[in-house]
Amino acid sequence: MTSTGIRLHAPAPGWSISADVVVVGSGVAGLTAALRCEAAGLTTVVVTKARLDDGSTRWAQGGIAAALGEGDTPEQHLEDTLVAGAGLCDEDAVRLLVTEGPDAVRRLIETGAHFDESEEGGLELTREGGHHRRRIAHAGGDATGAEISRALVEAVRARGLRTIENALVLDLLTDADGRTAGVSLHVMGEGQHDGVGAVHAPAVVLATGGMGQVFSATTNPSVSTGDGVALALRAGAEVSDLEFVQFHPTVLFLGPDAEGQQPLVSEAVRGEGAHLVDGNGVRFMLGQHELAELAPRDIVAKGIMRRMQEQDAEHMYLDARHFGAEMWEHRFPTILAACRAHGIDPVTEPVPVAPAAHYASGGVRADSHGRTTVPGLYACGEVACTGVHGANRLASNSLLEGLVYAERISADIAASRSADGLSARVPAPVEHPEKPAHPLLAPEARFAIQRSMTEGAGVLRSADSLEKAAEQLQRLHSEAREALEENGKTAEPGVDTWEATNLLCVARVLVAAARLREETRGCHWREDRAERDDTHWRRHIVVRLNPDRTLAVHTTDTADFPPTRQQEQ
């Protein structure tokens, strides 16, 4: 593995601490990995961009999928996942997920997470899109993520893990041999550490979540700016399948100009019997798929968009008036409150909904132990691409993937530390570059990126729309590069400029992959290439960053994930 030598323009670290492992992110993946590493006797530091409980996990409404119900089996869960993934799931990765998933959920319960129970005392399971059985465990009705986050944060604090909150990770540090040596980061506000510093460690776990903020409207929180994927690219890691961004079909429609994080209306609402209807009250998903409103998300999102186009409408409706007030208040209190806060009462009226950017099925390429193509760098959760999700994530598999692969990562780190005796070694990172290797964008570039991506690489894509988006992104990239090269100027280092620069990085990769994939598959919908093409495109697109900041893009020979180079060493 050859490092790109590219780092964000930032001051040299003014302080440093050392550990065996640094985990970046505090969702289900990050905190699970941290707790398991700490339990294995490894000195572990958790770095998170906001507060410990402010990541994407706490926004998850629907639940966590696992074969826990009577009559359900991992094999059935496997089949539903493969169907949703539209021919691009790595079957071995999915098999690991569904077979190890049930016990991983039980360990999560042992950690302190409380899931809703039936009158008989067992888990109360529901269905979501793409699932043929009730296998979704939920908590607080529609507050599953919040409960999982609460339990894991309490466990982290009870065990006294060292945490650095309000810290934006900047770049991966590497030693003279190209191995991971920790991360640089910027701590925002007052605390034990302030400003730019470093955590030196031979193992780094990226669990930074998604990149939904690359689009104008998303269900993702404001912190989801693709920092982990951008860091990995600058470090020389490969990313894969970034074109497969899942647009959640039912996001509360707040108007055509609404931007930023939008309220999610969980798929579980449809799982309990809500209907999608148009302005005339017609259930338009009937006849489009055997599961109608419970078809996989890409099919439902496309169904909604087609109906909107046919009727020149800005949104469709989700009708669950037949639930009654008691069911809404008991089963979906969070959604009920969000709707009412925006002047909509789902007890008495249909809820206006439209698709919005939700989940990145692709990310940093990782193997069955979460190892990336950079020695010592691991990735799990939404930032990673393990091959589990393929071209379209099956509903509620995301929390399970974070849980299962975080456990596998911690086991691998513990085994490698034991075998190599590296727990006592504090890696010496190469020196901080004197000159900035990567220009920073002005904060307002963020909005230009989001508009370009929403217009050109949103739910509906075409060669023309993607070309236009690519040109606009390249213009931003070139202007920043030329300003740096010609007069040494770049935007002032800071959270806003670092985030905008990261967003541009991941946007360029996403658009490059989407332009190359000339077919419609899963959540990648090309208007000009309406058919799925297994002959030419049942394979993965892999991208890495060159030292000159151009993109190296290639496709795999088959649908199978190639091994990471760490496996070959």
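The opening residue of the sequence shown carries number 1 in UniProt numbering; numbering runs sequentially from there.
Built from N, CA and C at the ideal position, the CB exists for glycine as well.
- Distance, Cα to Cα, Ala507 vs Ile449? For this step, residue 507 is matched to residue 507 along the sequence shown. For this step, residue 449 is matched to residue 449 along the sequence shown. Spanning the alpha carbons of Ala507 and Ile449 requires a straight line of approximately 8 Å.
- Query: Rounded to a whole number of angstroms, what is the C-alpha to C-alpha distance between Arg107 and Leu403?
  - Reply: Position 107 of the sequence shown, counted from the first residue, corresponds to residue 107. Position 403 of the sequence shown, counted from the first residue, corresponds to residue 403. So the two alpha carbons sit approximately 10 Å from each other.
- Message: Just to confirm the assignment, what range does the beta strand (DSSP E) spanning Phe115 have?
- Response: If you number the sequence shown from 1, residue 115 lands on position 115. For Phe115, there is no enclosing beta strand (DSSP E), as DSSP marks it with neither H nor E.
- Cβ neighbours of Leu318 in the same chain (closer than 7 Å, five flanking residues each side left out): By one-based count along the sequence shown, residue 318 stands at place 318. Cβ neighbours of Leu318 within its own chain (closer than 7 Å, five residues either side excluded): Thr250, Val265, Val269, Ala274, Leu276, Pro350, Val351, Val353.
- Determine the direct distance from the alpha carbon of Thr174 to that of residue 640, and round the result to whole angstroms. Only positions 1 to 569 of the chain appear in this structure, which leaves residue 640 out of reach.
- Task: Can you tell me which of Cys89, Thr99, Asp80, Gly85 puts its alpha carbon nearest to the alpha carbon of Arg408?
- Result: Start at 1 with the first residue of the sequence shown, and residue 408 comes out as number 408. When only C-alpha atoms are compared, the closest one is Thr99.
- Task: Please list, in chain order, all residues of the same chain as Thr556 whose beta carbon is under 7 Å from its beta carbon, the five residues on each side excluded.
- Result: As a first step, residue 556 must be located in the sequence shown, where it is residue number 556. Closer than 7 Å at Cβ, skipping near neighbours: Arg539, His540, Val542, Pro562.
- Task: Quick one: residues in its chain with C-beta nearer than 6 Å to the C-beta of Ala65, no 5 flanking neighbours on either side, listed in chain order?
- Result: Locating residue 65 in the sequence shown gives position 65, counting from the first residue. Counting only Cβ-Cβ distances below 6 Å, and skipping sequence neighbours, we find Arg135, Ile136, Ser396, Asn397, Leu400.
- Cβ atoms of Asp278 and Ala325: under 9 Å apart, would you say? One-based indexing of the sequence shown puts residue 325 at position 325. One-based indexing of the sequence shown puts residue 278 at position 278. The Cβ atoms of Ala325 and Asp278 lie no closer than 9 Å to each other.
- Given a cut-off of 9 Å, decide if Arg365 and Ala237 are closer than it, judged by their beta-carbon atoms. Stepping through the sequence shown from its first residue, residue 237 is reached at position 237. Stepping through the sequence shown from its first residue, residue 365 is reached at position 365. Contact: yes.
- Residue(s) in a DSSP beta bridge with Gly195: Against the sequence shown, residue 195 aligns to sequence position 195. Per DSSP, the beta-bridge partners of Gly195 are Val187.
- Query: Does the count of Cβ pairs from the stretch 388-395 and the stretch 148-156 closer than 8 Å reach three?
  - Reply: They do not touch, by the three-pair rule.
- Query: Roughly how many angstroms separate the alpha carbons of Thr219 and Ala414, rounded to a whole number?
  - Reply: To locate residue 219, count along the sequence shown from 1; it is residue 219. To locate residue 414, count along the sequence shown from 1; it is residue 414. Here the alpha carbon of Thr219 sits roughly 35 Å from the alpha carbon of Ala414.
- Task: Would you identify the three-state DSSP class for Pro102, choosing helix, strand or coil?
- Result: Here the question's residue 102 lines up with position 102 in the sequence shown. In the three-state scheme derived from DSSP, where H, G and I count as helix and E and B as strand, Pro102 is classed as helix.
- Message: Distance check for Ala198 and Ala406, CA to CA, integer angstroms please.
- Response: Working through the sequence shown from its first residue, we reach residue 406 at position 406. Working through the sequence shown from its first residue, we reach residue 198 at position 198. Taking the straight line joining both Cα atoms gives about 23 Å.
- Query: Is it the case that the Cβ atoms of Arg7 and Ser184 are separated by a distance below 9 Å?
  - Reply: One-based indexing of the sequence shown puts residue 7 at position 7. One-based indexing of the sequence shown puts residue 184 at position 184. Yes, Cβ-Cβ distance for Arg7 and Ser184 is below 9 Å.
- Selected residue, minimal CA-CA separation from Asp533, among Arg544, Ala338, Asp548, Leu516: The residue labelled residue 533 in the question sits at position 533 within the sequence shown. Taking Asp533 as reference, the option from Arg544, Ala338, Asp548, Leu516 with the minimal CA-CA separation is Leu516.
- In the DSSP assignment, find the unbroken beta strand (DSSP E) run with Gly363 in it and report its ends. Position 363 of the sequence shown holds residue 363. Unbroken beta strand (DSSP E) run through Gly363: 363-365.
- Inspect the CB distances between the stretch 331-348 and the stretch 362-376 and report whether three or more fall short of 8 Å. No: fewer than three Cβ pairs fall under 8 Å.
- From the DSSP output, which residues share a beta bridge with Ala274? To locate residue 274, count along the sequence shown from 1; it is residue 274. DSSP, once it has assigned bridges, lists no residue as partnering Ala274.
- For Pro429, does the count of other Cβ atoms within 10 angstroms reach 16, so buried, or fall short, so exposed? One-based indexing of the sequence shown puts residue 429 at position 429. That one is buried.
- Item | Beta-bridge pairing of residue 571 - partner residues as DSSP gives them | Coverage of the chain is limited to positions 1 through 569, which leaves residue 571 absent and any answer about it impossible.
- Message: Quick check on this structure: which residue in Thr144, Thr564, Thr111 has the alpha carbon closest to the alpha carbon of Thr126?
- Response: Counted from its first residue, the sequence shown places residue 126 at position 126. The option with the nearest alpha carbon to Thr126 is Thr144.
- Item | Whole runs of the beta strand (DSSP E) within the stretch 213-279, excluding any shorter than 3 residues | Runs of the beta strand (DSSP E) inside the stretch 213-279: 245-252, 275-277.
- Item | Stretch pair the stretch 380-391 + the stretch 5-22: three plus CB contacts closer than 8 Å | Counting Cβ pairs under 8 Å, fewer than three are found: no touch.
- Is DSSP giving Pro31 helix, strand or coil here? Numbered from its first residue, the sequence shown carries residue 31 at position 31. Note that residue 31 is Leu in the sequence shown, not Pro. In the structure shown, Leu31 falls within a helical segment according to DSSP collapsed to helix, strand and coil.
- Continuous beta strand (DSSP E) stretch holding Arg544: start and end: If you number the sequence shown from 1, residue 544 lands on position 544. Looking at the DSSP string, the run of the beta strand (DSSP E) that includes Arg544 is 541-545.
- Message: For the ligand NAD, I want to know if Gly27 counts as a neighbour, meaning its beta carbon is within less than 8 Å of at least one of the ligand's heavy atoms.
- Response: The ligand content of the structure shown is nil, which means the ligand NAD is not present either.
- Message: What residue range does the beta strand (DSSP E) around Asp80 cover?
- Response: In the sequence shown, residue 80 corresponds to position 80, counting from 1. Looking at the DSSP string, Asp80 is not in any beta strand (DSSP E); the run it does join, the alpha helix (DSSP H), is 74-84.
- Query: Of all the CB atoms in chain E, is at least one closer than 9 Å to the CB of Glu79?
  - Reply: In the displayed structure, chain E is absent; only one protein chain is listed.
- Item | Identity of the residues DSSP links to Arg461 by a beta bridge | What you label residue 461 is simply residue 461 of the sequence shown in a count that begins at 1. Arg526.
- Query: From Gln288 to Asp227, what distance separates their C-alpha atoms?
  - Reply: The sequence position of residue 288 within the sequence shown is 288, counting from 1. The sequence position of residue 227 within the sequence shown is 227, counting from 1. Put simply, the backbone Cα of Gln288 is about 38 Å away from that of Asp227.
- Message: Quick check: what's the CA-CA separation for Val28 versus Ser56?
- Response: In the sequence shown, residue 28 corresponds to position 28, counting from 1. In the sequence shown, residue 56 corresponds to position 56, counting from 1. Cα-Cα distance, rounded: 9 Å.
- Message: For the pair the stretch 197-217 and the stretch 333-345, tell me if three or more CB-CB distances fall below 8 Å.
- Response: With a cut-off of 8 Å, the stretch 333-345 and the stretch 197-217 do not count as touching, because too few Cβ pairs lie within range.
- Would you mind sorting Ile109 into buried or exposed? The rule is 16 or more other CB atoms within 10 Å of its CB. Walking along the sequence shown from the start, residue 109 turns up at place 109. Under a 10 Å Cβ-count criterion, Ile109 is classified as exposed, with fewer than 16 other Cβ atoms of the shown protein chains found around its own Cβ.
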